[in-house]
Amino acid sequence: MKSFEIKTKIFFGEQALDRLKELPYKKVLIITDPYVVQSRMIELITTPLKEGGIDYDIFKDVVPDPPIEKISEGVRVLLEYKPEAIVAVGGGSAIDSSKSIREFAKKVDDYGEIGLVAIPTTSGTGSEVTSFAVVSDRQAERKYPLVSKSLTPEETILDAELVKSVPPAVTADTGMDVLTHAIESCVSTERNEFATALAEKAIEICGVFLLRAYLDGHDMHARQKMHVASCLAGLAFNSTSLGLNHGMAHQLGAMFHIPHGRANAMLLPHIIEFNSDINKHSKSRKEYLPAVKKYSTIAQILGLSSYNKIMTVRSLVNWVQFMLKEMDIPLSISQMGTITEEEYMSKIDEMADAALMDGCTATNPRQATKADIVSIYRALW
Ligand SMILES: [Fe+2]
């Protein structure tokens, strides 16, 4: 038996932030990062809260890859202020921190229920509608995923006003993360019709609007579309989980601090090739691997097709590489110019072990051995 659930109420479109005036709470804690406060973007949040007569306090110490210490600091602030709900404002880190802070705070002193309203300021993680959060242990260079339905926010507000100042490089990285979420959801071993419907729409939007949003951040139509695509892809992978692409990208993030979306983007052509085995196909197989059909459908959604399925998947790989080049995302680790070959190669074994154990890897359509993962990491150099 399968099931599909959307727990989060979604407010979107122009003036979506007006929802803040009508929140069913009297006192909220805003959890955000220093940039949102310094750039005064926070006023887009506090003004409607004031108009709605809602009291608030601000915890603005969220940092990228939220470490355990920052989560406990947030729990302490929340327990002192005693809000009815958290309003999480920021990228994946602010929303993930808020999920973890709420989860731990609820376990202390019989706190009871705390609402969570997630307001993303990037179009990428989909965290506003998922039951996942990632906490980092910086000393051990490890990331720990938390997975529980109770982490899922009750509400999300998707207002493109908040993403128009996102710089092009971040638009590129986060947009490719959206595309990777959607593609991994479509080919996941847990794929289902409901998730695929959402993921395919997200892929279609990325095909038309990602480059537009990258080239002109003030193209509000493109921004709005990518903001919705991010949420659609989030809903999809919340149901199907992800795959080897994320399993391997998590290790590049933990080991070398490569931004999450960028690591996914760089791996994507390699993972499509591995999952469909298109390089060895003609010699070793009479039948297509199941993922070939799915990737070929994805290619067609993007307007790519060729005279057979294998060539169509090949054109999908080429298209992804084209997107990386157009958006100045390096195609290889060596092209980044920040990591030495020796340093990178020395960590591959450890990263491959961790990728095998990563929760995302389990739903990959083709089972990968450690040797497979090592050779993909090597090819990425
Ligand atoms: Fe991701």
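When we follow this note's numbering, the leftmost residue of the sequence shown carries the number 1, and every step to the right adds one.
Note that CB positions come from ideal geometry on N, CA and C, so glycine has one too.
Because the structure is a prediction, the values reported are computed rather than measured.
Might you give, ordered along the chain, the residues of its own chain that have their beta carbon closer than 8 Å to the beta carbon of proline 67, omitting 5 neighbours on each side?
Around proline 67: Val135, Ser136, Asp137 and Arg138.
Cα-Cα separation between glycine 74 and tyrosine 56, rounded to whole angstroms:
15 Å
Distance between methionine 255 and valine 63 (C-alpha atoms, nearest Å)
17 Å
Short Cβ contact (9 Å threshold) for tyrosine 214 with alanine 172:
yes
Among Val170, Pro167 and Ser188, which one has its Cα closest to the Cα of glycine 359?
Ser188
Starting from lysine 27 and walking both ways along the beta strand (DSSP E), at which residues does that stretch end?
27–31
Should histidine 218 be counted as a contact of ligand 1 given a C-beta to heavy atom distance under 8 Å?
no
Beta-carbon contacts of valine 163 that lie in its chain and below 7 Å, excluding the five residues immediately before and after
Thr121, Thr122, Ser123, Arg223 and His227
Under a Cβ-count criterion, where at least 16 other Cβ atoms within 10 Å of its own Cβ denotes burial, should phenylalanine 59 be classed as buried or exposed?
A buried status is given to phenylalanine 59, since no fewer than 16 other beta-carbon atoms sit within 10 Å of its beta-carbon.
Alpha carbon to alpha carbon, how far is glycine 92 from glutamate 84? Give it in angstroms, no decimals.
Rounded to the nearest angstrom, the two C-alpha atoms are 22 Å apart.
Does the distance from the CB of leucine 20 to the CB of valine 108 come in under 9 Å?
Result no, Cβ atoms of leucine 20 and valine 108 do not sit closer than 9 Å.
Proline 168 to isoleucine 329 span [Cα, whole Å]:
11 Å
Among the residues of its own chain, which have a CB less than 7 Å from the CB of alanine 299, if the five just before and after it don't count?
Ser305, Thr312, Val313, Ser315 and Leu316
If you draw a straight line from the alpha carbon of lysine 294 to that of glycine 115, how long is it in whole angstroms?
One C-alpha to the other measures close to 38 Å.
Would you identify the three-state DSSP class for valine 117, choosing helix, strand or coil?
In this structure, DSSP gives valine 117 an extended state, which the three-state scheme calls strand.
By how many angstroms is the C-alpha of lysine 26 removed from the C-alpha of glycine 52?
9 Å
Just to confirm, does aspartate 65 get its C-beta within under 8 Å of one of the non-hydrogen atoms of ligand 1?
no
Beta-carbon contacts of phenylalanine 194 that lie in its chain and below 8 Å, excluding the five residues immediately before and after:
Phe4 and Ser239
For the candidate residues Gly217, Ile272, Phe209 and Phe132, whose alpha-carbon lies nearest to that of asparagine 364?
Closest by alpha carbon: Ile272.
What do you reckon, are the CB atoms on isoleucine 54 and valine 89 nearer than 9 Å?
no
Skipping 5 residues on each side, what residues in its chain have a beta carbon closer than 6 Å to that of methionine 345?
none
Check whether the Cβ of histidine 181 sits closer than 8 Å to any heavy atom of ligand 1, and report yes or no.
yes
Glutamate 84 in three-state terms, based on DSSP
coil
Threshold first: 4 residues or longer. Then list the alpha helix (DSSP H) segments lying entirely within the segment 234–283, N to C.
244–256 and 260–276
Using three-state DSSP, classify proline 48 as helix, strand or coil.
helix
Would you decide whether threonine 152 is buried or exposed? Buried here means 16 or more other CB atoms lie within 10 Å of its CB.
buried
Is the CB-CB distance between glutamine 335 and proline 269 below 9 Å?
Result no, Cβ atoms of glutamine 335 and proline 269 do not sit closer than 9 Å.
Going by the CB atoms, is the gap between leucine 78 and leucine 146 shorter than 9 Å?
no
Compute every distance between the C-beta of histidine 227 and the non-hydrogen atoms of ligand 1, then say whether any falls below 8 Å.
no
What does DSSP give as the partner residue(s) for isoleucine 58 in the beta ladder?
Ile30
Nearest candidate by alpha-carbon position, reference isoleucine 6, set Leu158, Glu141, Thr125 and Gly234
Gly234
Please return the same chain residues whose Cβ sits closer than 6 Å to the Cβ of aspartate 349, not counting the five positions on each side in sequence.
none
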